[in-house]
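Presented below is the structure to which this report refers.
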Amino acid sequence: MRTNKFGIRIAASALALAVSYGAQAVTDEDIMNDANTPEDVVSYGMGTQGQRFSSLEDLNTDNVKFLQPAWAFSFGSEKMRGQETQPMVKDGVMYVSASYSRVYAIDAKTGEELWQYDARLPDGIMPCCDVVNRGVALYDDKVIFGTLDAKLVALNKDTGKPMWIKKVADYQAGYAITAAPLVVKGKIITGVSGGEFGIVGKVEAYDANTGEKVWTRPTVEGHMGYVYKDGKAIENGISGGKAGVTWPGDMWKNGGAATWLGGTYDPETDSLFFGTGNPAPWNSHLRPGDNLFSSSRLAIDPDDGSIKWHFQTTPHDGWDYDGVNELVSFDLKEGGKTIKAAATADRNGFMYVLNRENGDFIRGFPFVDKITWAKGLDPKTGRPIYTEGGRPGNPADMEGKKGKTVVAQPAFLGGKNWMPMAYSQETELFYVPSNEWSMDIWNENVSYKKGAAFLGAGFTIKPANDDYIGVLRAMDPKTGKEVWRYENTAPLWGGVMTTAGNLVFTGTPEGYLKAFDAKTGEELYRFNTGSGVVGTPITWTMDGEQYVSVASGWGGAVPLWGGEVAKVVKDFNQGGSIWTFKLPKDRVASK
Ligand code: CA
Ligand code: CA
């Protein structure tokens, strides 16, 4: 036995383990500082603000063509689909989740497995949109993630053994967790999936060390929030005011607004930013009103879960335009001032720039080629100006049968879906993974039944163009203009990263990891990983070399829900691996 500086005696075996892995405990400071420490990636978003921007420039437009695979690691088993994860790296160890609620620790130098954890999932899980997991959180000696049966699991970072497991919600009612949790001030913050099953969305905080619940904040108006202290639940305000104000009758009781994509955190305003999904059911004629806080962005106090402000992108949504997309904090420099701004690219086809201190609308603009359901946004409030006849018809007008079908663009899978965009502090542009598609959509009658789909709608998705669906766009938040675009045959479904080396990385369902010139959009690099890339790339340095990693494994919502679009991708093979690349030392330009 030895004694460490805190006077705690450590067994020799534990010490050996710590030495062999070399991964130190992750502190709050490490997480808050993540964007400024290129030697590790300890937050989802490469910084809690979610910019996905790296200051690294060893790898750049001149030498990215020499980027080479260093290793690839298979997630194994027959569970080969939907690898939407973002890896984490700390002290030479990679922590990465895979589909079906699996987590791996891997030696980041060699690609050798250190441990694997498979959550034991019940038969009755109900993930709407594939068995995905988007990433883990790291805190202290723990690797924490959410499961498809709506639990949070904390694993020991050195052994992969569970330290605590907490039920967040009832999977039999349709709840699941697919997003990476967020860590703020020692608390694990999570949302929930399940908006297609009439669940009630919520954001919750848990003590990272013990797994005890700290607060809960429902995201449907009328539901009470609570703070938990000494085993007691203390009421913390009804979300949005009284029940039934923006919802008719009892519809708020199963109002959806799932917080399924997780959130970002801005330390400058001490705010969690969470988006909320569609109001339930999809048939909007059953719930006249704004249906707060569905299809909105919420700024939440991380200490007690109270809502500081909200901004609703699609009031009274009728097209499944979930408002979950990440709100990315950035400094907007214009008019001689620096505004604490944040931007988000919505499923509904509009991109919004907000003041992140108070939620005020600064500007909004389309980031897709065509929007049918709205004519534009009110320049003062950002509220959509609805197109007459753009909403699917009311079944009540057709004697309760199928209502009138409309063609709507974007399709319900969105101008942008879950895949995170990136913001470059160098070019001051956002790099937005988007898709051009439309849908036929109609409404039907439906009533709530626990654990059953609660839609009251039918739909078919179609490509908007013959030769491409995906478009990676560079968007200028000052002008709303598209600076460049890259068109991809299949829909884009992977996250984006940008670097000070003037590079933008993303993946394609065709299997490629690609790199583009951040200023011009010129494609500079492609490498086929053997299956569709729907994960989110990261970059970091190790022993003085710059690395890039991305998960590979086709899947997600498109092959399940894509209608005509699913035909475009039907021959893509599923997979499950993580690829790691590096630039050979002799290719780094001397400075
Ligand atoms: Ca870092
Ligand atoms: Ca939805």
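Position one of the sequence shown corresponds to residue 72 (the working numbering), numbered consecutively onward.
We put the CB at the ideal spot given by N, CA and C, even for glycine.
Check: Rounded to a whole number of angstroms, what is the C-alpha to C-alpha distance between Leu138 and Val395?
Finding: As a first step, residue 138 is located in the sequence shown; it is residue number 67 there, counting from the start. As a first step, residue 395 is located in the sequence shown; it is residue number 324 there, counting from the start. Taking the straight line joining both Cα atoms gives about 34 Å.
Next item on the list: Please report the Cβ distance between Gly376 and Ala276, rounded to the nearest whole angstrom; I am assuming they are in contact, meaning their Cβ atoms lie under 8 Å.
Entry: The count along the sequence shown starts at 1 and reaches residue 376 at position 305. The count along the sequence shown starts at 1 and reaches residue 276 at position 205. Between Ala276 and Gly376 the Cβ distance is about 6 Å, and since that is below 8 Å, they are a contact.
Notebook entry, point to check: Is Ser648 helix, strand or coil when you go by DSSP?
Noted result: Locating residue 648 in the sequence shown gives position 577, counting from the first residue. Per DSSP, reduced to three states, the secondary structure at Ser648 is strand.
Notebook entry, point to check: Comparing the CB of Thr347 with every heavy atom of ligand 1, is any distance shorter than 7 Å?
Noted result: Stepping through the sequence shown from its first residue, residue 347 is reached at position 276. Not a single heavy atom of ligand 1 lies less than 7 Å from the C-beta of Thr347.
Next item on the list: Note down, one range per segment and in chain order, each beta strand (DSSP E) of at least 3 residues found wholly within the region 205-252.
Entry: Uninterrupted beta strand (DSSP E) stretches at least 3 residues long and entirely within the region 205-252 occur at 208-210, 213-217, 222-227, 233-238, given in chain order.
Checklist line | Boundaries (first-last residue) of the alpha helix (DSSP H) holding Trp632 | finding: The residue given as residue 632 occupies position 561 in the sequence shown. Residues 628-632.
Margin query: Taking the straight line between their C-alpha atoms, what separation do you get for Phe436 and Gln383?
Written below: Against the sequence shown, residue 436 aligns to sequence position 365. Against the sequence shown, residue 383 aligns to sequence position 312. Distance between the alpha carbons of Phe436 and Gln383 is about 15 Å.
Checklist line | 8 Å contact criterion, which Ile540 and Trp508 should meet: CB distance rounded | finding: Here residue 540 is taken as the residue at index 469 of the sequence shown, counted from 1. Here residue 508 is taken as the residue at index 437 of the sequence shown, counted from 1. Between Trp508 and Ile540 the Cβ distance is about 6 Å, and since that is below 8 Å, they are a contact.
Item checked: Which of helix, strand or coil DSSP assigns to Leu127 -> Indexing the sequence shown from 1 puts residue 127 at position 56. The answer is coil: DSSP assigns Leu127 none of H, G, I, E or B.
Checklist line | Residue interval of the alpha helix (DSSP H) (run including Lys638) | finding: As a first step, residue 638 must be located in the sequence shown, where it is residue number 567. Where Lys638 is concerned, the enclosing alpha helix (DSSP H) stretches over 635-639.
Check: Which class does Glu306 belong to by DSSP, given the choice of helix, strand or coil?
Finding: Position 235 of the sequence shown, counted from the start, is the residue given in the question as residue 306. Residue state, collapsed to three classes: strand.
Check: Between Glu397 and ligand 2, is the CB less than 7 Å from at least one heavy atom?
Finding: Taking the sequence shown and counting its residues from 1, one reaches residue 397 at position 326. Not so, every heavy atom of ligand 2 lies at least 7 Å from the Cβ.
Notebook entry, point to check: Does the beta-carbon of Asn429 have 16 or more other beta-carbons within 10 angstroms, so that it is buried, or is it exposed?
Noted result: Along the sequence shown, read from residue 1 onward, the residue named residue 429 stands at position 358. With fewer than 16 Cβ atoms within 10 Å of its Cβ, Asn429 is classed as exposed.
Checklist line | Buried versus exposed, by CB contacts within 10 Å (16 or more), Glu470 | finding: One-based indexing of the sequence shown puts residue 470 at position 399. Residue burial annotation: Glu470 is exposed, with fewer than 16 other C-beta atoms found within 10 angstroms of its C-beta.
Checklist line | Whether Val291 touches Ala328 by CB criterion (8 Å) | finding: In the sequence shown, residue 291 corresponds to position 220, counting from 1. In the sequence shown, residue 328 corresponds to position 257, counting from 1. Yes, the Cβ-Cβ distance between Val291 and Ala328 is below 8 Å.
Margin query: Is it the case that the region 386-395 contacts the region 477-489, given that we only count it when at least three CB pairs across the two stretches are under 8 Å?
Written below: Three or more pairs of CB atoms, one per stretch, sit closer than 8 Å, so the region 477-489 contacts the region 386-395.
Check: With 16 other CB atoms within 10 Å as the buried threshold, where does Arg427 fall?
Finding: Mapped onto the sequence shown, residue 427 falls at position 356. Buried is the call here.
Next item on the list: Use the C-beta contact count for Gly572: other C-beta atoms within 10 angstroms, 16 or more gives buried, fewer gives exposed.
Entry: Taking the sequence shown and counting its residues from 1, one reaches residue 572 at position 501. Looking at its Cβ environment, which holds 16 or more other Cβ atoms inside 10 Å, Gly572 is buried.
Note to self: Going by C-alpha to C-alpha distance, which of Ala240, Thr600, Thr612, Glu553 sits closest to Phe144?
What the structure shows: Along the sequence shown, read from residue 1 onward, the residue named residue 144 stands at position 73. Out of Ala240, Thr600, Thr612, Glu553, Thr600 has the C-alpha closest to the C-alpha of Phe144.
Check: So Ala561 packs on Val621, CB below 8 Å; how close in whole Å?
Finding: Taking the sequence shown and counting its residues from 1, the one referred to as residue 561 is at position 490. Taking the sequence shown and counting its residues from 1, the one referred to as residue 621 is at position 550. No, Ala561 and Val621 are not in contact; Cβ-Cβ is about 16 Å, not under 8 Å.
Item checked: Contacting residues, own chain, Cβ-Cβ under 8 Å from Asp211 (five flanking each side not counted) -> Counted from its first residue, the sequence shown places residue 211 at position 140. Annotation for Asp211: Ala96, Val97, Thr98, Ala279, Asn280 place their beta carbon closer than 8 Å to its own, counting only its chain and skipping 5 residues before and after.
Next item on the list: Could you have a look at Trp368 and say whether DSSP puts it in helix, strand or coil?
Entry: Residue 368 sits at position 297 when you count from the first residue of the sequence shown. For clarity, residue 368 is Arg in the given sequence; the question names Trp instead. DSSP places Arg368 within a strand segment (E or B) once states are collapsed to three.
Check: How long is the line joining the alpha carbons of Lys520 and Ala351, rounded to whole angstroms?
Finding: Taking the sequence shown and counting its residues from 1, one reaches residue 520 at position 449. Taking the sequence shown and counting its residues from 1, one reaches residue 351 at position 280. Looking at the two C-alpha atoms, the distance is approximately 12 Å.
Next item on the list: For Ile248, count neighbouring C-beta atoms within 10 Å of its own C-beta (all shown protein chains included) and say buried if the count is 16 or more, exposed if not.
Entry: Position 177 of the sequence shown, counting from 1, holds the residue named residue 248. The residue is buried, with at least 16 neighbouring Cβ atoms inside 10 Å.
Checklist line | Same chain only: Cβ atoms within 6 Å of Ile305, ignoring 5 sequence neighbours per side | finding: Within the sequence shown, residue 305 is the residue found at index 234, counting from 1. Val298, listed in sequence order.
Next item on the list: Go ahead and label Lys441 buried or exposed: buried means 16 or more other beta carbons lie within 10 angstroms of its beta carbon, across all protein chains shown.
Entry: For the purposes of this step, residue 441 is taken as the residue at position 370 of the sequence shown. Taking a 10 Å sphere around the C-beta of Lys441, we find fewer than 16 other C-beta atoms and assign the residue as exposed.
Check: With Phe268 and Phe525 assumed to form a contact (beta carbons below 8 Å), what rounded beta-carbon distance in angstroms separates them?
Finding: Translated into positions along the sequence shown, residue 268 becomes position 197. Translated into positions along the sequence shown, residue 525 becomes position 454. That belief holds up - the Cβ atoms of Phe268 and Phe525 are roughly 6 Å apart, short of 8 Å.
Item checked: Under the three-state DSSP convention, the category Phe268 falls into -> Here residue 268 refers to the residue found at position 197 when the sequence shown is read from its first residue. Helix, per DSSP.
Notebook entry, point to check: If you measure from the beta carbon of Thr230 to each beta carbon in chain B, is any gap under 8 Å?
Noted result: The structure shown contains no chain B, having only a single protein chain.
Item checked: Close beta carbons around Thr663, own chain, < 7 Å, minus the five adjacent residues each side -> The requested residue 663 is not part of the displayed model; the chain covers only 72 to 662.
Next item on the list: Measure the C-alpha to C-alpha separation of Gly474 and Gly529 and round it to an integer number of angstroms.
Entry: Residue 474 sits at position 403 when you count from the first residue of the sequence shown. Residue 529 sits at position 458 when you count from the first residue of the sequence shown. Distance between the alpha carbons of Gly474 and Gly529 is about 10 Å.
Note to self: Please classify Val597 as buried or exposed, where buried requires at least 16 neighbouring CB atoms within 10 angstroms.
What the structure shows: Mapped onto the sequence shown, residue 597 falls at position 526. Here residue 597 is Arg; the residue named in the question, Val, does not match the sequence. Exposed, since its Cβ has fewer than 16 Cβ neighbours within 10 Å.
Check: Taking Cys199 as the reference, which of Lys549, Gln243, Ala179, Ala176 has the closest Cα?
Finding: Position 128 of the sequence shown, counted from the first residue, corresponds to residue 199. For the residues Lys549, Gln243, Ala179, Ala176, the minimum Cα distance to Cys199 belongs to Gln243.
Note to self: Output needed for Gly420: all residues of its chain with C-beta closer than 6 Å, excluding positions within five of it in sequence on either side, in chain order.
What the structure shows: What you label residue 420 is simply residue 349 of the sequence shown in a count that begins at 1. Close CB contacts of Gly420 within its chain, under the 6 Å cut and outside five residues either way in sequence, are with Pro437, Val439, Ile442, Pro481, Gly486 (chain order).
Margin query: Taking the alpha helix (DSSP H) that Met15 belongs to, which residues open and close that run?
Written below: Within the shown structure, residues of the chain are numbered from 72 to 662, placing residue 15 beyond reach of any answer.
Notebook entry, point to check: DSSP state of Asn107, grouped into three classes?
Noted result: Counting from one through the sequence shown, the residue named residue 107 turns up at place 36. Reduced to three states, the DSSP call for Asn107 is helix.
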